[in-house]
Structure formats: structure tokens, C-alpha cells
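Residue numbers for the sequence shown follow full-length UniProt numbering, so the first one is 1 and each next one is one higher.
Note that CB positions come from ideal geometry on N, CA and C, so glycine has one too.
The model shown is predicted, which means the values in this text are computed figures rather than measured ones.
Below is one structure; the comments refer to it alone.
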Amino acid sequence: MEVTTLSMFLDYKCNFACDHCSVGSSPQTEYELQDQYINKVLDQTEDLNSLQLVVFTGGEVTLREEKLLNAISAASERGYRTRIVTNAWWAKDKQSATEMINKLVDAGLNEINTSYDDFHTEYMSPENIATMVEASLDSEIEQTSIAMIIGDTDPKYDAEAMIKILEERLGTHPNEFSDRLTILEDTVSPLGRGAQLDVASLTPRNAIDSGCTDTISTISLHPDGSIKACCGHAQWYVPDLTLGNIEEESLMSIVERSQQNVLYWLIHNVGPKQLLERLNVDGNYSGICHACHDLLGNHREELLEYIEANKEEIVQEDIFLSDNIERDAQQLVEHREAVLDRIEYMINA
């Protein structure tokens, strides 16, 4: 579990208030990440030799444009690839989109992620997405990704719909830009403002029966200084996904302790859905974050009892002999005793 991606939540504020938002972002949800936290963490990433990518997200990151551009520059100057996650509200026309893209590229941005779906229609036309994509493809942005979040069995806006919109705008099928443009689908998670959504009839777009390899591989920095174990929908709602706080200890200390925690190894290698099945919980989940929330939010005690009763087998079979053995073996050999000690700590905490 080497950290390869660091996500920074620059602000929970967004100019939209979509019904499916797991962050609960809105124009009123204002919680800004202070510059001192950004600089402190970036300074300490020098000890994370595995880090490759820094992502800036929110909320809507471009509402903090000056902070965003400075942070992109700071990460890029340290040799990291950079990405933003944006709703593309600023791409109202080609000129506005080009101006914003040029600022981002000049700061050192490599990638842009956005999303569009039935939830966004109240706030913005899909034409903004098309305009942003057009401007991105005309620039030095290396990768643009569009996630279509599915919350209905018969959505108006899915990947097929977006492909048609882009084909009309670009004058050719988006596949012509497959090396720089990705369009994918994901199923909504009933968390945050989306907790009221009925997902029982929805099919997961991504595999949920395997390990969540983003756990610890992607960590996130939040406005309160906390470092979380992923960048997924469940991170705000279960305490186990908060690793520590940079006000209290160094980033490296937080990461190293997390790499010795068998709970994160199990989620990373086995996955929350399979762990729930081991606990004889037969749930219906729209995605891996939904399953993780159920596991750590509703079945935590059973999980800890299972770990305590099977700890030697877990360390041997699920960690040492997992499919990730080549990547992770050396790290585990170095920390085996600490892993076992951490189990005892969790049980007795």
C-alpha cells in the first residue's frame, strides 16, 4: 500500500447543490483549506517517494481560483502530475473555457476530471462539458475524463448521451481522441446528500467484489487538517477512514502507521463486499464506497471480532499471499510485528 495519489479538498463550497453529492457541497457549505496546510503537506511529500499525482478537488475548486493556481504550481514544481476535479461551470463559451484552461496549463496542470448526469441538469447544460472538452483538446491538457453518474434505471444522461453530444460538437466520434479523452459511468452512492436515494434497482458500473486498491494508495487532505484513507464517498461518515491530522503529527508518521493497520490492508486487498460476505452480511450495494460505509459504519464490531479470531490466517492468506504480493511483500516483511500489534490496539481501543 504505497501512496501514489494525494487529493486536496480546497473547499467544500460549490456553486451547485446536486441531490447526489456525497460531500454535501452547496453555495452555503463553505470550509476552505488554508494555504499553510497545503504548503505543509507538499513540503512533507518529499518523504513519500512513491507519490506521483496531486489532485485538487472540492466542492468546486475553481471558486478558489488563486489558491488553486498557486497549489497546482507548487505541486508541479515538485515534479508531481496534477489534476483538478471541476463541474465546468466556467466553460460557458469557448472564450471563457479557453481562458481558464490556459491559466490552468500555465500553472502546470496535466489532467481535468469532470462529471455530468441527470443530477446536474438543474444547474448546468451539458453544453458546458462539451465546451470544456473542446478547449481541453485544443490545449496541452494531457487527459480529460468525464464521469456519468447513474442514479436511475433509465437515465437521460449516460455515457452514450455524452458521446452523442461530443460527436456533434467535435465533428467526429470522441474515440478519435481516446488517448486524451475518457468517458465512463459510475453508479451513485447513497451517502451525504445522496442518502435519500433509492439504489436498490441500480447495477454497479464498477466491480465491487475485489479489493479497493485506492485505500491508502490515495490519501486526502481536508480543510480541518485531517488526512483520510481514500478519496471516496464514505470517508466523511466512518471514523476509521480518518488516519490522523497534520496539526498533530507529520504526514509520514500518519502514512507509516496506516500502512501497519490490518484493517486497511483487508479493505485494500480483499475489499469491503467480500469482508461483509465473510460476516454473513448479504447486502445490495451500488458501489464499493457504499459497501465500505456499511462495513465500517454498521458492522465494525463484527469485523473487529472476525479479525481478532483469525488474525494469523488473515496476515498469512489475505496479506502475504494476496495478489498484490510482489508489490507489497517487502513492506509487510518489515512491518509484520507492527501489523499484529496494531490488531491488538484496535481490539482494545
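With respect to the beta strand (DSSP E) encompassing residue i, which residues constitute its N-terminal and C-terminal limits?
i: residue 95; result: Unbroken run through residue 95 is the alpha helix (DSSP H), 94-107; no beta strand (DSSP E).
i: residue 181; result: 181-187
i: residue 244; result: 242-245
i: residue 248; result: That residue, residue 248, is in no beta strand (DSSP E); it is neither H nor E in DSSP.
So the alpha helix (DSSP H) residue i belongs to, where does it begin and stop?
i: residue 65; result: 65-77
i: residue 132; result: 127-137
i: residue 355; result: The structure shown does not extend to residue 355, since the chain is modelled only from 1 to 349, so the question has no answer here.
i: residue 44; result: 35-44
i: residue 200; result: Neither: residue 200 is in no alpha helix (DSSP H) and is coded neither H nor E.
i: residue 88; result: Here residue 88 belongs to no alpha helix (DSSP H), and DSSP marks it neither H nor E.
i: residue 267; result: 262-269
Among the options, which one has its Cα closest to the Cα of residue i?
i: residue 215; options: 177, 270, 28; result: 270
i: residue 40; options: 225, 288, 257, 146; result: 225
i: residue 184; options: 160, 241, 212, 192; result: 160
i: residue 219; options: 202, 264, 32, 196; result: 264
i: residue 217; options: 243, 17, 67, 278; result: 243
i: residue 232; options: 187, 247, 197, 276; result: 187
i: residue 208; options: 55, 1, 290; result: 290
What does DSSP give as the partner residue(s) for residue i in the beta ladder?
i: residue 8; result: 56, 221
i: residue 162; result: Paired residue(s): none; residue 162 is not in a bridge.
i: residue 308; result: Paired residue(s): none; residue 308 is not in a bridge.
i: residue 228; result: 220, 242
i: residue 148; result: 185
So, is residue i buried or exposed, given that buried needs 16 or more other C-beta atoms within 10 angstroms?
i: residue 11; result: buried
i: residue 171; result: exposed
i: residue 79; result: exposed
i: residue 272; result: buried
i: residue 293; result: buried
i: residue 189; result: buried
i: residue 260; result: buried
i: residue 235; result: buried
i: residue 117; result: buried
State the CB to CB distance for the pair residue i and residue j, rounded to an integer number of angstroms; the pair is presumed to be in contact (CB under 8 Å).
i: residue 194; j: residue 22; result: 6 Å
i: residue 379; j: residue 254; result: A question about residue 379 goes unanswered here, because the residues of the chain that appear run from 1 up to 349.
i: residue 97; j: residue 132; result: 5 Å
i: residue 81; j: residue 110; result: 5 Å
i: residue 355; j: residue 86; result: Since the first residue shown for the chain is 1 and the last is 349, residue 355 is missing from the structure and cannot be characterised.
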